[in-house]
């Protein structure tokens, strides 16, 4: 079961100032059975739903029909 992400730290510039940003490397659904949704704020729920949208968008083109069905279930909006 998975409840974490691997991220890559990148340097970006905004108004000629250097900032560190994170790029998610792991594109796998979170195990929602491990998440107590009642403890999440609206911002956190939105983040999770957007993350799962991104997973579907980037991973589903490489999956067969059965795998896509599984992915959609695992990425269901909370």
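In the working numbering, the protein residues as written are 52 to 129. The beta-carbon is built from N, C-alpha and C at its ideal position, and this holds for glycine as well.
Length of the line joining the Cα atoms of residue 113 and residue 98: Indexing the chain shown from 1 puts residue 113 at position 62. Indexing the chain shown from 1 puts residue 98 at position 47. Spanning the two alpha carbons is a distance of roughly 24 Å.
Nearest to residue 74 (by Cα), restricted to the options 57, 80, 106: As a first step, residue 74 must be located in the chain shown, where it is residue number 23. Residue 74 has its Cα closest to that of 57, out of 57, 80, 106.
To the nearest angstrom, how far is the alpha carbon of residue 81 from that of residue 111? For this step, residue 81 is matched to residue 30 along the chain shown. For this step, residue 111 is matched to residue 60 along the chain shown. So the two alpha carbons sit approximately 16 Å from each other.
Whose C-alpha, out of 116, 129, 92, 62, is nearest the C-alpha of residue 71? Counting from one through the chain shown, the residue named residue 71 turns up at place 20. The shortest Cα separation from residue 71 among 116, 129, 92, 62 belongs to 62.
Taking the alpha helix (DSSP H) that residue 102 falls in, what are its first and last residues? The sequence position of residue 102 within the chain shown is 51, counting from 1. Start and end: 93-110.
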